[in-house]
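Peer 1: Start counting the sequence shown at 847; every next residue gets the next number (this note's numbering).
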Amino acid sequence: MQPQKTLNIQLKPYEDSHTESLRAYQLPPEQTLFTALPEKVFERIAARNALGDFSAVPISILLQDEAIGLFVLDSGPDLDLWTANRNAVFLRSFSINPAFQGKGIGTLVMQRLPEFIASHLPELYINEIVLGVNRENKTAQKLYHRIGFNEYGFNMNPPFVGQIIMKWCL
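1) Who are G978's beta bridge partners in DSSP?
2) If you follow the alpha helix (DSSP H) that G952 is part of, which residue opens it and which one closes it?
3) Taking E997 as the reference, give the member of G978, N983, R958 with the closest Cα.
4) T881: buried (16+ other C-beta within 10 angstroms of its C-beta) or exposed?
5) In three-state terms, what does DSSP make of S906?
6) Output yes or no for whether 9 Å exceeds the beta carbon distance between S901 and F917.
7) Kindly give me the distance between the Cβ atoms of I975 and V935, rounded to whole angstroms, as I take these residues to be in contact under 8 Å.
8) Alpha helix (DSSP H) containing P875: first to last residue?
9) What distance in whole Å lies between the Cβ atoms of I1011 and N1001, which are believed to be in contact at a cut-off of 8 Å?
10) Indicate whether A945 and I972 have their beta-carbon atoms separated by less than 9 Å.
11) Please classify S863: does DSSP put it in a helix, a strand, or coil?
12) In terms of residue numbering, what span does the alpha helix (DSSP H) encompassing E997 cover?
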């Protein structure tokens, strides 16, 4: 689906004020096979932070100031399981509230991602976005291909065995 140009979509580093909206939505069972709900994302990041690892940055997707989705930009140790590029960032745990799916929001988010990364993470000199997508998740694959991601084989590292490695050179 082509994005609606009138949608006021913003990407913003996660803030506590986004928590209620992000915890309120549930994904259909078939989507939970492919991504984590925000609640689980918060738990994982808190556990990493407790160990002194602050390399996973949660990003909120806002529609007219309401948080309707979340993803993580991760430059931590898992990145090595996906790419040898030290200037890459790992995009993970992407989800959008089902009430807002099918409106082109995912496309808008992806289109705005390079500019967001350049302005919010300039110290990392990011030149590549890498992600893993399940073979069965055809909807996500179509989105990522349309934006400019290319496939680079399959991840053979546990726990990601069999996921398609996709990269977008910026």
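Yeah, the Cβ is synthetic: ideal placement off N, Cα and C, and Gly gets one too.
Peer 2: On the basis of the coordinates in this document:
1) Note: G978 is bridge-paired with I1011 in the DSSP secondary-structure output.
2) Looking at the DSSP string, the run of the alpha helix (DSSP H) that includes G952 is 951 to 966.
3) Measuring from the Cα of E997, the nearest candidate turns out to be G978.
4) By the neighbour-count criterion, in which a residue is buried when 16 or more other Cβ atoms sit within 10 angstroms of its Cβ, T881 is buried.
5) Here S906 sits in strand by DSSP.
6) Their beta carbons are not under 9 Å apart, which means S901 does not touch F917 by this criterion.
7) For I975 against V935, the beta-carbon gap comes to about 6 Å, under 8 Å, which counts as contact.
8) Where P875 is concerned, the enclosing alpha helix (DSSP H) stretches over 875 to 878.
9) About 5 Å; that satisfies the 8 Å criterion.
10) Not closer than 9 Å, so no.
11) Annotated three-state conformation of S863 is helix, per DSSP.
12) Element bounds for E997: not the alpha helix (DSSP H) but the beta strand (DSSP E), 996 to 1000.
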